[in-house]
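Novice: Going from the sequence shown to the working numbering is simple: count from 1 and add 38. Take a look at this one; I'll ask things after.
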Amino acid sequence: MSTFLVPLQVVVQTPAHSGVAATLTYTHTEPLPAGTLVRVPLGTREVLGVVWDPRSEDAPQAEPSRLRAITAVLQGLAPLDDGWRRLVGFAAGYYQRNLGEIALMALPPSLRGLSAEQLARRLRRKPDARVAGIRACAQADEGNLVSIALSAEQESVTAEIDAQTGPFLLFGSTGSGKTEVYLQAVAAALAADGENQVLVLVPEINLTPQLEARFRARFAPLYGQAAIVSLHSGMTHPQRLGSWLAAHTGSARIVLGTRMAIFASLPRLALIVVDEEHDASYKQQEGARYSARDLAVWRARDAGAKLILGSATPSLESWHASEPAIARYRRLCMPSRIGAACLPRLRLVDMGQQPRKAVFAPALLAAITERVERGEQCLVLLNRRGYAPVLHCHACGWKSDCPQCSATRVFHKTDRSLRCHHCGLASGVPRACPDCGNPDILPVGRGTEQLQEQLAQLLRNVITPERRAARVARIDADTTRARGALQAQLAQVHAGDIDVLVGTQMVAKGHDFRRITLVAAVQPDSALFSSDFRAPERLFALLMQAGGRAGRDAGYMAAHGSAPELWVQTWHPEHPLFAALREHDYPAFAARQLAEREAAAMPPWSHQALLRADARTQEAAQAFLQAAVEAARAAQLPGLAQVFLYPPVPLAVQRVANVERAQMLLESGNRRALQHFLTAWQPLLHAERAHHKGLVRWLVDVDPQAI
Ligand code: ADP
Ligand code: ZN
Ligand code: ZN
Numbered sequence: 039m040s041t042f043l044v045p046l047q048v049v050v051q052t053p054a055h056s057g058v059a060a061t062l063t064y065t066h067t068e069p070l071p072a073g074t075l076v077r078v079p080l081g082t083r084e085v086l087g088v089v090w091d092p093r094s095e096d097a098p099q100a101e102p103s104r105l106r107a108i109t110a111v112l113q114g115l116a117p118l119d120d121g122w123r124r125l126v127g128f129a130a131g132y133y134q135r136n137l138g139e140i141a142l143m144a145l146p147p148s149l150r151g152l153s154a155e156q157l158a159r160r161l162r163r164k165p166d167a168r169v170a171g172i173r174a175c176a177q178a179d180e181g182n183l184v185s186i187a188l189s190a191e192q193e194s195v196t197a198e199i200d201a202q203t204g205p206f207l208l209f210g211s212t213g214s215g216k217t218e219v220y221l222q223a224v225a226a227a228l229a230a231d232g233e234n235q236v237l238v239l240v241p242e243i244n245l246t247p248q249l250e251a252r253f254r255a256r257f258a259p260l261y262g263q264a265a266i267v268s269l270h271s272g273m274t275h276p277q278r279l280g281s282w283l284a285a286h287t288g289s290a291r292i293v294l295g296t297r298m299a300i301f302a303s304l305p306r307l308a309l310i311v312v313d314e315e316h317d318a319s320y321k322q323q324e325g326a327r328y329s330a331r332d333l334a335v336w337r338a339r340d341a342g343a344k345l346i347l348g349s350a351t352p353s354l355e356s357w358h359a360s361e362p363a364i365a366r367y368r369r370l371c372m373p374s375r376i377g378a379a380c381l382p383r384l385r386l387v388d389m390g391q392q393p394r395k396a397v398f399a400p401a402l403l404a405a406i407t408e409r410v411e412r413g414e415q416c417l418v419l420l421n422r423r424g425y426a427p428v429l430h431c432h433a434c435g436w437k438s439d440c441p442q443c444s445a446t447r448v449f450h451k452t453d454r455s456l457r458c459h460h461c462g463l464a465s466g467v468p469r470a471c472p473d474c475g476n477p478d479i480l481p482v483g484r485g486t487e488q489l490q491e492q493l494a495q496l497l498r499n500v501i502t503p504e505r506r507a508a509r510v511a512r513i514d515a516d517t518t519r520a521r522g523a524l525q526a527q528l529a530q531v532h533a534g535d536i537d538v539l540v541g542t543q544m545v546a547k548g549h550d551f552r553r554i555t556l557v558a559a560v561q562p563d564s565a566l567f568s569s570d571f572r573a574p575e576r577l578f579a580l581l582m583q584a585g586g587r588a589g590r591d592a593g594y595m596a597a598h599g600s601a602p603e604l605w606v607q608t609w610h611p612e613h614p615l616f617a618a619l620r621e622h623d624y625p626a627f628a629a630r631q632l633a634e635r636e637a638a639a640m641p642p643w644s645h646q647a648l649l650r651a652d653a654r655t656q657e658a659a660q661a662f663l664q665a666a667v668e669a670a671r672a673a674q675l676p677g678l679a680q681v682f683l684y685p686p687v688p689l690a691v692q693r694v695a696n697v698e699r700a701q702m703l704l705e706s707g708n709r710r711a712l713q714h715f716l717t718a719w720q721p722l723l724h725a726e727r728a729h730h731k732g733l734v735r736w737l738v739d740v741d742p743q744a745i
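Take a look at the structure:
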């Protein structure tokens, strides 16, 4: 007698351009609930798959006897719940990706290779030992956190979060104590129900240890160390699996993570916090270009969970949504810093009035010197790493162009290399001009390495109160490549071993420095005139964030009789952005920007997507985009009438690693129309790619952050 076979829809990962459906039909000897993890044959391989709801796709009516069978069921693991599957389904649809890609991306990588038996063994194991280190860290922090008296603003905001449903936009100055508000909201969510879970998202991996320490100090005594896990790409695969399982099984009550954590399986999700919600790193910039912030909004609503978006400089989209007239978000304000600390005073330096070729205005140098002599710390920001962005031969005009990209290779003095920051190509520095033999090739422009060198030179005679020479250190992607390097360098800053810290935006965000009293941005102008309409918003946020690192500790400032300052060197001191910055007036800045955007019908008054094409030549890339438009017109795709298609253009960096890149902007006042259009366009794009014999690669970026 033959066994009765049940056909089941299983989502697997299929190559993006293969055209193979993500949902395939397999058979099993018994029905399995949707969300069950299984292993199935795919071609000659065996892969991880998720049983999907058969109603969500039109199930092909294949003859069960001709279908392949599920190889194994990952027993012992509860099926992924409806909420998780809805999230994955929504993300795949909205960001125009294949369901299997999103589903498998949302699962920890080690789950893919795990057999059913290995998983069973893993599930019996105790949580890993990594928490021990963080625990020690947390204990060091515990003294000042445990019995805290909320500020009046924290008190009222917390009460409102308690009483209302939200979603909330917590608009709080740097140092106003937003983290404490998150802790209060988390405490309330966890106390409300013995199984509730919360998700806290932060933009940068390097902010997670600090945050994790604060959460452990607060919640480990109540719920145990195992109740708090983090989830980010800096973890090893086994660690990630451990955290993921803890979240999925419910043993983790608090999940702290970067954008990828938005896809964690959290069956009892009651609260999502998105810290620094404006931060661009919430948007994935490759593969599935999802926004973890926007998915958090969707997921919280879908799960009936509370949502708190927090920032001192909210994204203009979120700010707009919290305008009383729109009221999609409830705006909560905390304008004051904790403990009567004041916000930094803006010192705007007009570079047109400075000595020729001065890197630092004399007044800024004097201010830094004075602070270092008092034992205070300074932070100097420059958003460009390396020594100089280009080497140049004045005899023949040779430049250190990257042979593979339309960009120059950056001179790194530390290891005497020329490196392309786009394709990674690296080589030694030539002794003489490769074209004319001139031995005098010179760096042009300035990066953090050079700034550090020049500052060290300028401050060489400055003595600190401990009677030692001033120390200038640098933190950027180059100094922090090694695991743990950043934490070690930050520890040196916190310990007072560093007097002046030179760094890129990576040190401007989030860190709770106690002794920094002066922050300087030495060369921020390029963002004022960028073609990207979001550039001013990003610059304003960066300067506010950076300034927010100065003077955070009221007690320290009072003891030193010091006042915090934010110095900005600019050739355009009259720019209105600086007037708002001077007043710490984000609302005024936002109002201006939003008025401009409304006049030009730009987001949030319109919705955008990019279609990008990569090919051997720029002509081929643009021809693909043009053909895609014509195909859409010929097919009279739904939504087309409401979508404006801009002409194809090359990307700002047009060629990377010998690939030419072009893009086309799509804009619509109607999000739904844009979505319909994009979805209907997909098969035409696949077909068009086949016409181009696969020599073109394309991708769609919905709600692009950089244009
Ligand atoms: P934000 O995230 O808004 O920039 P933080 O949450 O990091 O600010 O708080 C700034 C500093 O103030 C931190 O060192 C924090 O420990 C401290 N702090 C926060 N709330 C209080 C409070 N109610 N009483 C005393 N210190 C507080
Ligand atoms: Zn030359
Ligand atoms: Zn290159």
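By construction, the Cβ of each residue, glycine as well, lies at the ideal position given by its N, Cα and C atoms.
Can you tell me where the alpha helix (DSSP H) holding Thr196 begins and where it ends?
Specialist: Thr196 -> alpha helix (DSSP H) spans Ala190 to Ala201.
Novice: Between Ala718, Met389 and Arg699, which lies nearest to Glu733 when the distance is taken from Cα to Cα?
Specialist: Reading off the sequence shown, one finds Leu at residue 733, where the question assumed Glu. Of the listed residues, the one whose Cα sits closest to Leu733 is Arg699.
Novice: With 16 other CB atoms within 10 Å as the buried threshold, where does Leu221 fall?
Specialist: Label assigned to Leu221: buried.
Novice: Are there any heavy atoms of ligand 4 lying less than 8 Å away from the beta-carbon of Asp439, as far as the coordinates show?
Specialist: As for ligand 4, it is missing from this structure, which binds only ligand 1, ligand 2 and ligand 3.
Novice: Verify whether the separation of the beta carbon atoms of Leu345 and Val311 is less than 9 Å.
Specialist: In contact: Leu345 and Val311 (Cβ atoms closer than 9 Å).
Novice: Is it buried or exposed for Gly395, if we count other Cβ within 10 angstroms and need 16 for buried?
Specialist: The sequence given here has Lys at residue 395, not Gly. So Lys395 ends up on the exposed side.
Novice: Please report the straight-line C-alpha distance between Ser360 and Phe301, rounded to a whole angstrom.
Specialist: Those two C-alpha atoms are separated by around 25 Å.
Novice: Excluding the five sequence neighbours on either side, which residues of its own chain have a C-beta within less than 6 Å of the C-beta of Ser94, listed in chain order?
Specialist: With a pLDDT of 47 at Ser94, under the threshold of 50, the modelled position of that residue is not reliable, and no figure is offered here.
Novice: Since Val538 contacts Leu493 with CB under 8 Å, what's their CB separation in whole angstroms?
Specialist: Contact holds; Cβ gap of about 6 Å.
Novice: Assign Trp736 to one of three DSSP states: helix, strand, or coil.
Specialist: The answer is strand: DSSP assigns Trp736 an E or B state.
Novice: Anyone know if the C-beta pair for Thr65 and Leu112 falls short of 9 Å?
Specialist: Against a cut-off of 9 Å, the Cβ pair of Leu112 and Thr65 comes out as no contact.
Novice: What would DSSP say about Met792, mapped onto helix, strand or coil?
Specialist: No information on residue 792 is available, as it lies outside the stretch 39 to 745 that the chain covers here.
Novice: Residue range of the beta strand (DSSP E) that His270 falls in?
Specialist: Careful: His270 lies outside any beta strand (DSSP E) and carries neither H nor E.
Novice: Considering only DSSP beta bridges, list what Met143 is partnered with.
Specialist: Met143 pairs with nothing; no bridge assigned.
Novice: Measuring only from the beta carbon, is Lys27 closer than 8 Å to any heavy atom that is part of ligand 1?
Specialist: This structure does not reach residue 27, given that the chain is present from 39 up to 745, and the question cannot be answered.
Novice: Can you round the beta-carbon distance between Ala596 and Cys416 to whole angstroms, since I take them to be within the 8 Å contact cut?
Specialist: Not a contact, Cβ separation roughly 19 Å.
Novice: In chain order, what residues place their C-beta within less than 6 Å of a heavy atom belonging to ligand 2?
Specialist: Spelled out in chain order, the answer is Cys431, Ala433, Cys434, Trp436, Cys471, Asp473, Cys474 and Asn476.
Novice: Mind checking whether the beta-carbon of Leu456 lies closer than 8 Å to any heavy atom of ligand 3?
Specialist: Not so, every heavy atom of ligand 3 lies at least 8 Å from the Cβ.
Novice: Grouping DSSP H, G and I as helix and E and B as strand, with all else coil, what is Asp439?
Specialist: DSSP places Asp439 in strand when its eight states are reduced to three.
Novice: What three-state label does DSSP hand Pro45 in the structure shown?
Specialist: It is a strand residue.
Novice: Quick check on Asp96: buried or exposed, where buried means 16 or more other Cβ atoms within 10 Å of its Cβ?
Specialist: Confidence is the limiting factor: at Asp96 the pLDDT is only 49, short of 50, which leaves the residue's position unreliable, though a coordinate-based value still follows. By the 10 Å Cβ count, Asp96 comes out exposed.
Novice: Following the continuous alpha helix (DSSP H) through Thr717, name the residue where it begins and the one where it ends.
Specialist: Taken as a continuous stretch (DSSP letters only), the alpha helix (DSSP H) holding Thr717 covers Arg709 to His729.
Novice: Restricting to Cα atoms, I'd like to know which of Ser329, Glu314 and Glu315 is closest to Lys321.
Specialist: Out of Ser329, Glu314 and Glu315, Ser329 has the C-alpha closest to the C-alpha of Lys321.
Novice: Going by DSSP, name the residue or residues bridged to Arg383.
Specialist: Paired residues: Glu603.
Novice: Assign Ile172 to one of three DSSP states: helix, strand, or coil.
Specialist: Unreliable placement is indicated for Ile172, whose pLDDT of 45 sits below 50; no coordinate value is reported for it.
Novice: Helix, strand or coil: how does DSSP classify Gln692 here?
Specialist: Here Gln692 sits in strand by DSSP.
Novice: Could you spell out the range, first to last residue, of the alpha helix (DSSP H) harbouring Glu355?
Specialist: Note, Glu355: alpha helix (DSSP H), Leu354 to Ala359.
Novice: Does the beta-carbon distance from Pro481 to Leu429 come in below 9 Å?
Specialist: Result yes, Cβ atoms of Pro481 and Leu429 sit closer than 9 Å.
Novice: Quick check: the stretch 624-633 against the stretch 570-589, are there 3 or more CB pairs under 8 Å?
Specialist: At 8 Å Cβ cutoff, the stretches touch.
Novice: Using 8 Å as the cut-off, can you tell me whether the stretch 234-243 makes contact with the stretch 289-297, which would need three or more C-beta pairs spanning the two stretches below that distance?
Specialist: Output reads yes: the stretch 289-297 touches the stretch 234-243.
Novice: Within the same chain, show all residues whose beta-carbon is closer than 8 Å to that of Leu183, passing over the 5 residues directly before and after it, in chain order.
Specialist: Excluding residues within five positions, the ones whose Cβ falls inside 8 Å are Arg252, Ala255 and Arg256.
Novice: Please report the Cβ distance between Leu716 and Val738, rounded to the nearest whole angstrom; I am assuming they are in contact, meaning their Cβ atoms lie under 8 Å.
Specialist: That pair is a contact at about 6 Å.
Novice: Identify every residue that forms a DSSP beta bridge with Phe206.
Specialist: Phe206 is bridged to Ile346 and Arg368.
Novice: Tell me where the beta strand (DSSP E) around Arg84 begins and ends.
Specialist: Per the sequence presented here, residue 84 reads as Glu, with Arg not at that position. That run of the beta strand (DSSP E) goes Arg83 to Val89.
Novice: Alpha carbon to alpha carbon, how far is Arg135 from Thr74? Give it in angstroms, no decimals.
Specialist: Going by the C-alpha atoms only, they are around 22 Å apart.
Novice: Applying the criterion that 16 or more other CB atoms from any shown protein chain within 10 Å of the CB defines a buried residue, is Ala178 buried or exposed?
Specialist: Legend: pLDDT at Ala178 = 42, less than 50; position of this residue unreliable, no value from coordinates given.
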